[in-house]
Every structure is written in C-alpha cells, then in structure tokens.
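Asker:
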Amino acid sequence: MPYVYTKLDDLKNRARRIAREEGVPRHEALALAARRGGFQNYAHARAQLPAEGAPLRCPIEIRQRWRSHGREPRLHGLASYVVWLGAPLNELVRSHQLAGYLGGCTILGENVLVSDGFMRDRKETQIDLGKIARALQFMDATGLKPSRAKRLYPKGRWDNRPPIADHDHGWYDPEARVHVLSTEPYSEHAEERPEQKAWEQRHGWTTLRVEWGSIYGFGTELLLLCPQDYAPTLRRKVARLEQFPAAIRTDDIPVEDGMPRQNAA
875 MPYVYTKLDD
885 LKNRARRIAR
895 EEGVPRHEAL
905 ALAARRGGFQ
915 NYAHARAQLP
925 AEGAPLRCPI
935 EIRQRWRSHG
945 REPRLHGLAS
955 YVVWLGAPLN
965 ELVRSHQLAG
975 YLGGCTILGE
985 NVLVSDGFMR
995 DRKETQIDLG
1005 KIARALQFMD
1015 ATGLKPSRAK
1025 RLYPKGRWDN
1035 RPPIADHDHG
1045 WYDPEARVHV
1055 LSTEPYSEHA
1065 EERPEQKAWE
1075 QRHGWTTLRV
1085 EWGSIYGFGT
1095 ELLLLCPQDY
1105 APTLRRKVAR
1115 LEQFPAAIRT
1125 DDIPVEDGMP
1135 RQNAA
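Numbering (the working numbering) for the sequence shown: 875 to 1139.
(1) I'd like the span of the alpha helix (DSSP H) that includes Gln1070, first residue to last.
(2) Gly1044 bridges to which residues according to DSSP?
(3) Can you check the region 899-981 for any beta strand (DSSP E) of at least 3 residues that lies completely inside it and give the ranges in chain order?
(4) Have a look at Trp1073, Ala907, Ile934 and Pro947 and flag the residue whose alpha-carbon is nearest the alpha-carbon of Met1133.
(5) Helix, strand or coil for Val1084, going by three-state DSSP, please let me know.
(6) Mapping the DSSP letters down to three states, classify Leu1108 as helix, strand or coil.
(7) According to the Cβ coordinates, are Glu1058 and Ser1088 closer than 8 Å?
(8) For Ile1122, does the count of other Cβ atoms within 10 angstroms reach 16, so buried, or fall short, so exposed?
(9) Could you spell out the range, first to last residue, of the beta strand (DSSP E) harbouring Leu987?
(10) Pick from Gln1011, Arg1114, Val1054 and Asp1047: whose alpha carbon is nearest that of Tyr1027?
(11) Can you find the residues in the same chain that come closer than 6 Å, C-beta to C-beta, to Val1052, ignoring five residues on each side of it along the sequence?
(12) Does the beta-carbon of Asp1002 have 16 or more other beta-carbons within 10 angstroms, so that it is buried, or is it exposed?
(13) Rounded to the nearest angstrom, how far is the Cβ of Tyr955 from that of Ala1009, given a contact under 8 Å?
(14) Identify, in the order they occur along the chain, each residue of the same chain with its Cβ nearer than 6 Å to the Cβ of His1043, setting aside the five sequence neighbours on each side.
(15) On the premise that Ala907 lies in contact with Cys932, defined as a C-beta separation below 8 Å, what is that separation, rounded to the nearest angstrom?
(16) From Ala1120 to Trp1086, what does the alpha carbon distance come to, in whole angstroms?
(17) Would you kindly work out how many angstroms separate the C-alpha atoms of Tyr937 and Arg1022, rounded to a whole number?
(18) Specify, as a first and last residue, the run of the beta strand (DSSP E) that Leu1026 falls within.
(19) Please state the DSSP three-state secondary structure of Met1133.
(20) Quick check: the region 1070-1078 against the region 972-990, are there 3 or more CB pairs under 8 Å?
(21) Taking one C-beta from the region 1093-1104 and one from the region 968-987 each time, how about it: are there three or more such pairs within less than 8 Å?
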C-alpha cells in the first residue's frame, strides 16, 4: 500500500526516516519515499505535490488487480497509483456516474477507486490505470461527469454520430445540464475534415480540439463536441484544462512484480 502525502514536506519527512532507518543517502531516500508514495521518482513527486503553504490537493488512489496470461510465470498482483487532484473523489464522481472510462470501477471509502480488471495482465492493467487517471484529471479540470445518456449525439440518435468519431465517450455538465461528446481519433486535425464541417453545419454543433492530451492514449487526439450555444462555456473549460498539469503518461504508472498464483502448477 503506498504512502499518502498531502504536501511535499510529508515526503521529505518520510525520506528522513528512511535515511535514518535504512542507512541510505538522502537522494536515495527521497527516491524511495517517492516510489513508495506511488510516484515514478522524486522529480515526479515534486511536480505533483504542493509545497508548504500552497493549496492542499487531494490524493485519489486507483487500484486494479492483475494476473499473468500464458504459461509461465503464473503471477498475480495489485497495481496502485495515486493521482493528485483539486477535489476529493466524492465531489468528482458518484457511484451512478461510474461510466465510460470509469465503467467497472467501485468507490471504496473516501478517496479510493477500485477497477475490476483481475483478468487483465500487467501491461493491460497499466493501460487501464492510465486511462482512469487521465479521466479523473479531465473531470477535475472541467467539472464534467461521465454519462451513459443517449443524448450524446444530435437529437439523441446514433445515426447522427459525427464522421470522425472514434473511442466515443459521454460527459455531462450538471450546472448547464448539457451533454458533451468526446471522441479520440488517431488522425491528426480530424476536426478540419470537410465531412466534419458539413456535419457541424447540418446539426448546429461545434468541435473543439484539446491540446492537453488524450484520455485514451495511443497517439489519439482529444476532441469535444457540443451544441453551438454551449461552445463558449466548453471553450473556457478546455482553456482551464490546458492550464492544468499534463496528462499522466501510461509509462509513469508503476505495476509492481506479482506473487505466484495459487493454482499454478
């Protein structure tokens, strides 16, 4: 279980204790304290944790069980990652909103999100945790909530799906009571295609390109689509998102070595 730090000084205090108890140099103790807190290294922790006197940020832990596939070795483990956000988990999402990238998750306690992925292997689990972490970052910055509603497309009809759509997900603005569609195509500047522009004119919708990064990953771009009258509000949300820390990289999420599975030969 990782240590939970609310500010950078907490990590430094833990590092002093590690240096004293384990007899390691200060720089090594800082690296150990960072990794035991769910960070890649001390530089990663310093970029994520607030300094003394800065506004407190909320640690949200994401967990997912994994097990190896194939013949040998037959291992299993629990992957865990802590993402630091500006709001606690119960303000970001409620149980009935666990959809899209958060589908299959369960809220445990105040700030733990458990993903049901025990059939996944280590790499797949790392990918899953990356998507969930980025979805939480996106929600924290924009205030949008995951949605299963069918009103994600013009007139709520699937056959009105935009021509560039790929990896669609639905979001809801509870203040404006407006649904937003996110789509993440592999092609660059897909929103500039003539067929997409024609679709926008036909339905009175707007497509916004997000420079912050994508939630899905794998080289995709994040595009947000909404009715034209909501576009100014969504632009402000996108601007806020782009001022936030960059999208968490999948490779920055550690997945520890596992234990032999009990049913292994």
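Glycine included, C-beta positions come from ideal geometry on N, C-alpha and C.
Quick caveat: nothing in here was measured; it's all calculated off a predicted structure.
Answerer: The structure says:
(1) Pro1068 to His1077
(2) Ser1021 and Leu1055
(3) 932-941 and 949-959
(4) Pro947
(5) strand
(6) helix
(7) yes
(8) buried
(9) Val986 to Ser989
(10) Val1054
(11) Tyr1104
(12) buried
(13) That belief does not hold up - the Cβ atoms of Tyr955 and Ala1009 are roughly 13 Å apart, past 8 Å.
(14) Gly974 and Ser1056
(15) Their Cβ separation, rounded to whole angstroms, is 20 Å, which puts Cys932 and Ala907 out of contact at 8 Å.
(16) 6 Å
(17) It should be noted that the sequence gives Arg, not Tyr, for residue 937. Spanning the two alpha carbons is a distance of roughly 23 Å.
(18) From DSSP, Leu1026 is part of no beta strand (DSSP E); its letter is neither H nor E.
(19) strand
(20) no
(21) no
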